[in-house]
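Asker:
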Amino acid sequence: MGLIMRTVYVNGEYVSEEDAKVSIFDRGFLFADGVYEVTSVLDGKLVDFPGHCARLRRSLGELAMGLPMSDEDLLAIHRRLVVENKLQEGLIYLQVTRGVAERDFLFPPEETPRTLVLFTQAKPLIQSALAARGQKVVTVEDLRWSRCDIKTVQLLYPSMAKMEAKSKGADDAWLVRDGAVTEGSSNNAYIVLEDGAIVTRDLSNVILSGITRRAVLKCARTLQMKVVERAFSVEEALAAVEAFTTSASGFVTPVVEIDGQKIGDGMPGPTAKHLREVYIAEMRKAAI
Ligand code: PMP
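So for the sequence shown, this note's numbering puts the first residue at 112; every next one is plus one.
In structure tokens, the structure reads:
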């Protein structure tokens, strides 16, 4: 909401953000009946676009929500927004809902047109102050529903968790279910053990399969680092030598404190720093 009005995409049209409108009967608004994707932009190019498209299709499929548009169509919209907004570095949000229908719990007929909205956010991703100093996280009970593998627009609990973190002087929250860390409020969570092993939660319905997670784990394995995908407890995290998170907006961001306790020496760790550099270099090469 800066002084310069962005051009956004709404249901087939490119309009100024102040002219973009969605119905009050949109199911995204009434039922959080929608999914989203966030793709980062570096050097005016899209990072891992095929990965985000694939996950979008999966989220839609899990909710029996078809989207009559090809990946090429979606790519063209992303690219046009990059050009129209002169976006060099930042994020593109894609939001799709089941559409507009009389308020009813039952899904409207499949032919109901989807609501599709895309908008950009210009922001420095590489020169990140948080990545340089490392984030402080607090653990919060994971009270989200049990289909966290679907990237729904239902972000109220993560929002509450971030507010709780902020009220405690921290940067973000790590969510804990049955004593084990699932993920961050909007990122995947990792610890590094004494022997150098990188531990992150295995994929299931309790976490989102991060597009950055997949790419970073691939980098780690290529670098001959040991990767273990399993649950880890808060106690194990507190005793770790390093911790970090991954997401499309944060890439690899070190964690230097959990629940007020320093991790390692309380400085961004070498594994996280190395993975961040390698990940950014790889993604810059492959961006489209
Ligand atoms: N988990 C959650 C709950 C998230 O919201 C996100 C960010 N969308 C992630 C993990 C990281 O996913 P990605 O690497 O695809 O951004």
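Glycine residues also receive a C-beta, built at the ideal position from the N, C-alpha and C atoms.
Taking A348 as the reference, give the member of L227, T250 and K156 with the closest Cα.
Answerer: Taking the first residue of the sequence shown as 1, we reach residue 348 at position 237. Checking every option, the nearest Cα to that of A348 belongs to T250.
Asker: Can you tell me whether N299 is buried or exposed? The criterion is at least 16 other CB atoms within 10 Å of its CB, across all chains shown.
Answerer: Within the sequence shown, residue 299 is the residue found at index 188, counting from 1. Flag for N299 reads buried.
Asker: Ends of the alpha helix (DSSP H) at G172?
Answerer: Numbered from 1 along the sequence shown, position 61 holds the residue referred to as residue 172. Segment F160 to E173, the alpha helix (DSSP H) holding G172.
Asker: Say yes only if the C-beta of T364 is nearer than 8 angstroms to one or more non-hydrogen atoms of the ligand PMP, and no if none qualify.
Answerer: Taking the sequence shown and counting its residues from 1, the one referred to as residue 364 is at position 253. Not under cutoff, so the answer is no.
Asker: Short of 8 angstroms in beta carbon distance, which residues of its chain neighbour R190, apart from the five on each side in sequence? Order them along the chain.
Answerer: Against the sequence shown, residue 190 aligns to sequence position 79. These residues qualify, in order along the chain: L157.
Asker: State buried or exposed for P365, treating a residue as buried only when at least 16 other CB atoms are found within 10 Å of its CB.
Answerer: The count along the sequence shown starts at 1 and reaches residue 365 at position 254. P365 comes out buried.
Asker: What separation, rounded to the nearest whole angstrom, lies between the Cα atoms of T118 and V264?
Answerer: The count along the sequence shown starts at 1 and reaches residue 118 at position 7. The count along the sequence shown starts at 1 and reaches residue 264 at position 153. So the two alpha carbons sit approximately 22 angstroms from each other.
Asker: Pull up the CB-CB distance for D137 and T223, whole angstroms please, since I reckon it's below 8 angstroms.
Answerer: Within the sequence shown, residue 137 is the residue found at index 26, counting from 1. Within the sequence shown, residue 223 is the residue found at index 112, counting from 1. Their Cβ separation, rounded to whole angstroms, is 11 angstroms, which puts D137 and T223 out of contact at 8 angstroms.
Asker: Among all the DSSP beta bridges, which residues are the ones paired with T323?
Answerer: Indexing the sequence shown from 1 puts residue 323 at position 212. The partner list for T323 (beta bridge, DSSP) is empty, contrary to what the question assumes.
Asker: Classify L334: buried if its beta carbon has 16 or more other beta carbons within 10 angstroms, exposed otherwise.
Answerer: Within the sequence shown, numbered from 1, the residue matching residue 334 stands at position 223. Exposed, by the Cβ-count rule.
Asker: Pull up the distance between the alpha-carbon of H385 and that of T323, whole angstroms please.
Answerer: To locate residue 385, count along the sequence shown from 1; it is residue 274. To locate residue 323, count along the sequence shown from 1; it is residue 212. Cα to Cα, H385 sits roughly 15 angstroms from T323.
Asker: Relative to the ligand PMP, is the shortest distance from any of its heavy atoms to the C-beta of R387 smaller than 8 angstroms?
Answerer: Residue mapping note: residue 387 aligns to position 276 of the sequence shown, counting from 1. Flag unset: Cβ of R387 not near the ligand PMP.
Asker: Does the Cβ of E294 lie closer than 8 angstroms to at least one heavy atom of the ligand PMP?
Answerer: Counted from its first residue, the sequence shown places residue 294 at position 183. The ligand PMP approaches E294 closely enough that one of its heavy atoms is under 8 angstroms from the residue's Cβ.
Asker: Contact check, I318 vs T293 under 8 angstroms by CB: the rounded distance?
Answerer: By 1-based counting over the sequence shown, the position of residue 318 is 207. By 1-based counting over the sequence shown, the position of residue 293 is 182. Right, the Cβ-Cβ distance comes to about 5 angstroms (below 8 angstroms), so this counts as a contact.
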